[in-house]
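These notes are about the structure you will find just below.
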Amino acid sequence: MSFVSQLRRRVAAAALVCLGQAASPSVAHGQAWVPPKGAGTVSLSTQVIDNTGHRLSDGFLLDDGKSTTVGVYVEGEYALTDRLSFSLGLPYVFARYIGPNPTPANLPVDQCKCWHGGWQDVGGAVRFNVVNRPTFAVTPSVAFGVPSHNYNYQGEAVVGFGLNEARIAVDAGLRLDFITPRLSVQAKYSYAFVERVLDISHDRSNIATSGAYQANRRFSVGGVVAWQRTHGGLRFGSSTGNPFFPPGEFASPDLFGQHDRLLRDNNWRLGANAAYSFAGFDVFGSFLRYMGGTDTHAGHAVTVGLSWPFGV
């Protein structure tokens, strides 16, 4: 079995780590190797995100404002050449506010503590491999996200932020043959140009590093650590007054109405994943824990899915 075929399972296991962008932007998974010409995958996955609280501007964990987001995601990828591939996907997202206390805005979408659902953002990417060796690869990419329709973005129990964005990224992967050919590491950096809100910039950088171990021909396991830094955005403040009391930099009604979109969300996360390959499909799963940050959520995400390769 080729290394690309083995890697396909590791990529599937790491994919879709944070599907529900209503809660947080997705963690970009490593894709340093491009499938061979004419090959591709179709993936179906579901993810449950339990937001167990909020981290305020000073990093303090507020055990309130809890919500659950469930997403179902369909994505396809196809390689036009041995170096060039494209992908396209669309999630359907359900969200529910849990509480226990009312949100600061106390919007109807959260007051009922009931499920709300809808299509989220159409996402696509084009990847072009510039270094393609059996043990080392480098692949830049360009991706986009476009809201599928004019959905509600205000509140905790919403399906997304409803913003256009474009992302540029580069993936690098290395097989550690000097240790064992079963072990590989990957890294990714991406920069997202996000549609401005009230003429306020809130672009972001995401960095993810991951490792994978091919235990045998069918089973692989791995881990990932990811960081996010928002360039711009606004801070909500904290109960200690550090750096100021809520609503912080969202003092005006117009700004407060956009606070979910405009938060200066900085965070880091830690996760693990696994995949098992059957004759015609792969099964994958992952767990991601929100470890810390400011103006962000606390909680965890669980993802499970199926991936069907073709043309290999």
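The numbering used here applies: residue 4 is where the sequence shown begins, and numbers increase by one. Note that beta-carbon positions come from the ideal geometry of N, C-alpha and C, so glycine has one too.
Secondary structure of residue i, DSSP reduced to three states
i, result
"R267", "coil"
"V75", "strand"
"F287", "strand"
"H262", "helix"
"A25", "Unreliable positioning characterises A25 in this predicted model, as indicated by a pLDDT of 36, which lies under 50. A coordinate reading is not provided."
"D53", "strand"
"V162", "coil"
"V112", "helix"
"P249", "coil"
"T306", "strand"
"P105", "coil"
"D206", "strand"
"D67", "coil"
"D257", "helix"
"L83", "coil"
"R170", "strand"
"N219", "coil"
"F313", "strand"
"L201", "coil"
"N276", "strand"
"R238", "coil"
"G296", "strand"
"D124", "strand"
"Y154", "coil"
"A282", "coil"
"T243", "coil"
"T138", "coil"
"R12", "Annotation note: pLDDT 40 at R12 (below 50); position unreliable, coordinate value reported separately. Helix, per DSSP."
"P94", "strand"
"A301", "strand"
"S144", "strand"
Residues that DSSP places opposite residue i in a beta bridge
i, result
"V133", "DSSP, once it has assigned bridges, lists no residue as partnering V133."
"W36", "Paired residues: none, contrary to the question."
"F181", "F181 pairs with nothing; no bridge assigned."
"A190", "A175, T212"
Sub-9 angstroms separation of residue i and residue j beta-carbons
i, j, result
"F284", "L309", "yes"
"L273", "G302", "no"
"Q217", "D268", "no"
"S60", "P312", "no"
"G236", "I210", "no"
"R86", "F131", "yes"
"H205", "R58", "no"
"V149", "A172", "no"
"Q90", "A42", "Checking the sequence, you will find Ser at residue 90 rather than Gln. No, the pair does not count as a contact, with Cβ atoms beyond the cut-off."
"T212", "V224", "no"
"N135", "V37", "yes"
"Q50", "G74", "yes"
"S242", "L65", "yes"
"L266", "T233", "yes"
Selected residue, minimal CA-CA separation from residue i, among the options
i, options, result
"D174", "K191, E168, I182", "K191"
"N153", "F139, G121, P143", "G121"
"S46", "L59, T72, Y81", "Y81"
"V96", "I52, S255, S90, A215", "I52"
"P143", "G126, P137, R170", "R170"
"G288", "T297, D298, N276", "N276"
"T297", "I182, C117, N219, N270", "N270"
"E159", "S193, A35, L179, T55", "T55"
"A108", "V307, F253, T306, G295", "F253"
"G68", "P38, K116, G126", "K116"
"S193", "S208, N167, F259", "S208"
"F281", "A304, G102, R220", "R220"
"G214", "T44, V77, R185, V307", "R185"
"F222", "A278, T306, L83", "A278"
"G319", "V77, D66, Y76, L83", "The shown model of the chain, from 4 to 315, leaves out residue 319, and the question about it has no answer."
"H119", "S70, K40, P105, V77", "S70"
"T106", "E168, G260, L177, L179", "G260"
"S88", "P103, T306, N104, K40", "K40"
Contact belief for residue i with residue j at Cβ below 8 angstroms, rounded distance in angstroms
i, j, result
"H262", "F239", "6 angstroms"
"L93", "S151", "6 angstroms"
"Q350", "V162", "Since the first and last residues shown for the chain are 4 and 315, residue 350 lies out of range."
"Y156", "F164", "5 angstroms"
"D113", "L201", "That belief does not hold up - the Cβ atoms of D113 and L201 are roughly 22 angstroms apart, past 8 angstroms."
"V133", "A35", "Not really, about 11 angstroms apart at Cβ, beyond 8 angstroms."
"T72", "A98", "5 angstroms"
"V125", "L166", "In fact, because the Cβ distance is near 13 angstroms, the residues do not count as touching under 8 angstroms."
"G295", "G62", "7 angstroms"
Residue-level contact to chain C via CB, residue i, 9 angstroms cutoff
i, result
"T71", "Given the protein chain composition of this structure (a single chain), no chain C is represented."
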